[in-house]
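Chemist:
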């Protein structure tokens with residue numbers, strides 16, 4: 001199916017968010033993930049089933065005032 | 001001497017930001033020297049190619065409380081989304097709400113801020129709103145449950161100091177929640193002046209981050225904030241137009257005649 005990860009088009013054949021994120025995020029990395037602008041808590045990644053054209057956004061902390 | 005916000009007690013009244021430092025070593029040294037116990041962070045979409053700049057680890061080692069901001073949000077909806085993302089990324093329900101639709105002056109939007117704060121309080125966040133030095137808005141934010149107010153001294157990063165001083169004085173006098181002067185503080189003397197006037201704390205970023213010696217500047221701010229607070233607690237004298245002798249010299253002069 002066609003997905004968008006931080007606006008990048010990605011072809012992905014597995015179904016869960018957890019499987020997708022294994023390609024981008026390490027176990028110890030503290031990130032926030034949203035699917036179609038809905039935040040999905042880390043504990044729910046394995047249960048979150050993706051569908052065609054979903055937009056996945058991965059956020060991290062950076063320096064800022 | 002301590003300050004309590006939402007049940008969390010801080011012994012330092014200097015909050016800091018992590019932006020604009022030339023490198024992480026300078027940032028850590030400066031924040032450490034400042035004695036600050038809470039520092040702000042922003043959130044961005046991860047760059048999938050270059051990877052993470054990993055700012056969290058050194059800050060966690062430092063043991064400071066992390067305060068995510070909603071920088072980049074242009075309205076209440078975006079700020080709420082940013083707060084929810086930050087809660088997930090940083091495992092905290094604290095958030096500094098800043099909503100500035102205009103990138104030139106970065107003036108906080110009062111209407112969107114009030115909306116966002118009301119909703120975030122309802123969602124269980126500890127909300128620290130960055131706003132203009134508007135006494136009416138500060139009361140409105142207090143009424144909807146903001147845990148403190150963060151009025152600006154001057155435009156963000158402008159180093160102009162307490163340009164809004166007459167309004168900060170009103171806010172301080174009226175507020176039932178801590179008043180943290182944020183933005184515009186360009187020198188330790190500005191921070192001291194804010195604390196002397198009764199502000200509960202200040203938030204400093206640019207002035208520390210762009211100094212030639214960031215670590216020493218962190219220390220200078222620490223001392224200024226401590227001095228300002230001590231002066232406030234000690235009670236400064238009244239300002240008056242006429243002179244008043246500090247020494248009883250009149251008697252001495254009479255004896256000379």
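Protein chains in written order, with UniProt numbering: chain Z, 1 to 65; chain E, 1 to 257. Glycine included, each C-beta is placed from N, C-alpha and C at the ideal position.
Is the CB-CB distance between residue 61(Z) and residue 106(E) below 9 angstroms?
Modeler: Not closer than 9 angstroms, so no.
Chemist: I need the DSSP call for residue 102(E), collapsed to helix, strand or coil.
Modeler: In the structure shown, residue 102(E) sits in coil (DSSP, three-state: anything other than H, G, I, E or B).
Chemist: Exposed or buried, what is residue 149(E) when buried is set at 16 or more other beta-carbons lying within 10 Å of its beta-carbon?
Modeler: Answer is buried; the Cβ neighbour count reaches 16.
Chemist: Can you give the Cα-Cα distance for residue 96(E) and residue 167(E), rounded to whole angstroms?
Modeler: C-alpha separation (whole angstroms): 21 angstroms.
Chemist: Run the CB neighbour count on residue 22(E), radius 10 Å, all protein chains shown included, and call it buried at 16 or more, exposed below.
Modeler: So residue 22(E) ends up on the exposed side.
Chemist: Would you say residue 178(E) and residue 201(E) are within 9 angstroms of each other, going by their C-beta atoms?
Modeler: Yes, they are a contact pair.
Chemist: In whole angstroms, what separates the C-alpha of residue 9(Z) from that of residue 20(Z)?
Modeler: Approximately 13 angstroms, taken between the alpha carbons.
Chemist: Any idea which residues DSSP pairs residue 59(Z) with across the strands?
Modeler: Answer is 32(Z) and 45(E), bridged to residue 59(Z).
Chemist: For residue 68(E), count neighbouring C-beta atoms within 10 Å of its own C-beta (all shown protein chains included) and say buried if the count is 16 or more, exposed if not.
Modeler: It is buried - the Cβ of residue 68(E) has at least 16 other Cβ atoms within 10 Å.
Chemist: Please report how far the alpha carbon of residue 109(E) lies from the alpha carbon of residue 131(E), in whole angstroms.
Modeler: Between residue 109(E) and residue 131(E), the C-alpha separation is close to 7 angstroms.
Chemist: Is residue 176(E) close to chain Z, meaning its C-beta is less than 9 angstroms from at least one C-beta of that chain?
Modeler: No, residue 176(E) lies away from the interface with chain Z (no Cβ there is under 9 angstroms from its Cβ).
Chemist: Pick helix, strand or coil for residue 147(E), following the three-state DSSP scheme.
Modeler: In the structure shown, residue 147(E) sits in coil (DSSP, three-state: anything other than H, G, I, E or B).
Chemist: Does residue 93(E) come within less than 9 angstroms of chain Z when only Cβ atoms are used?
Modeler: Answer no: the Cβ-Cβ gap between residue 93(E) and chain Z never drops below 9 angstroms.
Chemist: Mind checking which residues open and close the alpha helix (DSSP H) that includes residue 4(E)?
Modeler: Segment 3–5 is the beta strand (DSSP E) holding residue 4(E); no alpha helix (DSSP H) there.
Chemist: So, does the CB of residue 161(E) fall closer than 9 angstroms to a CB anywhere in chain Z?
Modeler: Not closer than 9 angstroms to any Cβ of chain Z, the Cβ of residue 161(E) fails to qualify, so no.
Chemist: Would a check of beta-carbon distances place residue 61(Z) closer than 9 angstroms to chain E?
Modeler: Residue 61(Z) counts as touching chain E.
Chemist: With the cut-off set at 9 angstroms, would you say residue 161(E) and residue 184(E) are in Cβ contact?
Modeler: In this structure, residue 184(E) lies closer than 9 angstroms to residue 161(E) by Cβ.
Chemist: In three-state DSSP terms, what is residue 16(E)?
Modeler: Looking at residue 16(E) - three-state DSSP - the assignment turns out to be strand.
Chemist: Say whether the stretch 71–83 of chain E touches the stretch 52–61 of chain E, bearing in mind that this needs 3 or more beta-carbon pairs closer than 8 angstroms, one atom from each stretch.
Modeler: No: the two stretches stay apart, fewer than three of their Cβ pairs being nearer than 8 angstroms.
Chemist: With burial defined as no fewer than 16 other Cβ atoms inside 10 Å of the residue's Cβ, what is the status of residue 18(E): buried or exposed?
Modeler: It counts as buried.
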